[in-house]
Amino acid sequence: MSQPKAEFIKVASGVAGFQTMPVEEDKRLPESAIRVELCDENDAEKIAEGLYACFPTAFWDRKEPLEMRPPEHSTRVKRMTKRILPSLSHPNMFWVKAVLASSGEMIGVAGWMGPGNPVIHNHFARSAVDFYGWREKMGWSDEDLDEIWSGVSEEQWNGKIAKDDALRREVVGDEPHW
1 MSQPKAEFIK
11 VASGVAGFQT
21 MPVEEDKRLP
31 ESAIRVELCD
41 ENDAEKIAEG
51 LYACFPTAFW
61 DRKEPLEMRP
71 PEHSTRVKRM
81 TKRILPSLSH
91 PNMFWVKAVL
101 ASSGEMIGVA
111 GWMGPGNPVI
121 HNHFARSAVD
131 FYGWREKMGW
141 SDEDLDEIWS
151 GVSEEQWNGK
161 IAKDDALRRE
171 VVGDEPHW
């Protein structure tokens, strides 16, 4: 069911921030054109592609500085796919996709760690590999991990995640949350 158009509220964003405009009602897809489904391991590459498409260049320039990036974008997507893959079978991680009913094409995705997770530990952090036991599960060696994480700024990627996780712990404590 279509919602009435809400009044647009401009939200102040940082220097590298951005805000999109709401889609005009006459340009929205009807609800019947979209299905919402849980993702599985087969969706990892599409999720990675979507992350690169949806976040602005300035975001990726900080996370994956130009001087550290591989020359081929496909290499970045392959590495991100590998980093995402184990989270898709984690029992408390929920990846949800919007797909076109007509073709099954993924047109949107979101991921949440569910309230059943015993502690706050972001699945995107490199430390999640050992924290959640994914190194063993995936059979990754130290060399594999170095390859998967090459091209990524440790400070801008993992440092930012650690700060966000610390803030989340401070705000919600041990209370289960989405």
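Note that full-length UniProt numbering has the sequence shown beginning at 1, numbered continuously upward. Positions of the beta carbon are idealized from the N, C-alpha and C atoms, including for glycine. Because the structure is a prediction, the values reported are computed rather than measured.
Measuring straight from C-alpha to C-alpha, what distance separates residue i and residue j?
i, j, result
"C54", "S141", "31 Å"
"A44", "H73", "16 Å"
"P70", "R76", "7 Å"
"D144", "F131", "17 Å"
"E49", "D174", "33 Å"
"C39", "S89", "9 Å"
"T57", "K137", "33 Å"
"L29", "W60", "29 Å"
"H177", "I120", "10 Å"
"K163", "T20", "26 Å"
"P22", "I47", "23 Å"
"D165", "N122", "7 Å"
"G139", "M68", "26 Å"
"D26", "E41", "35 Å"
"E37", "F124", "21 Å"
"D146", "E24", "45 Å"
"P118", "V171", "16 Å"
Do residue j and residue i come within 7 Å of each other at the CB atom, strictly closer than that value?
i, j, result
"M106", "N92", "no"
"W95", "G116", "no"
"A101", "G108", "no"
"I148", "R35", "no"
"W157", "P86", "no"
Taking residue i as the reference, give the member of the options with the closest Cα.
i, options, result
"K160", "R126, H90, G108 and V109", "R126"
"S103", "K78, L51 and S32", "S32"
"L51", "P118, G139, N122 and T81", "T81"
On the criterion of 16 or more Cβ atoms from any shown chain inside 10 Å, does residue i qualify as buried, or is it exposed?
i, result
"R83", "buried"
"V129", "buried"
"residue 182", "A question about residue 182 goes unanswered here, because the residues of the chain that appear run from 1 up to 178."
At a cut-off of 6 Å, is residue i close to the ligand ATP when judged by its beta-carbon and the heavy atoms of the ligand?
i, result
"A166", "With respect to the ligand ATP, the structure shown offers nothing to examine, as it has no ligands at all."
The region 137-156 / the region 64-76 touching (three or more Cβ pairs under 8 Å): The region 137-156, when compared against the region 64-76, does touch it at the 8 Å Cβ threshold.
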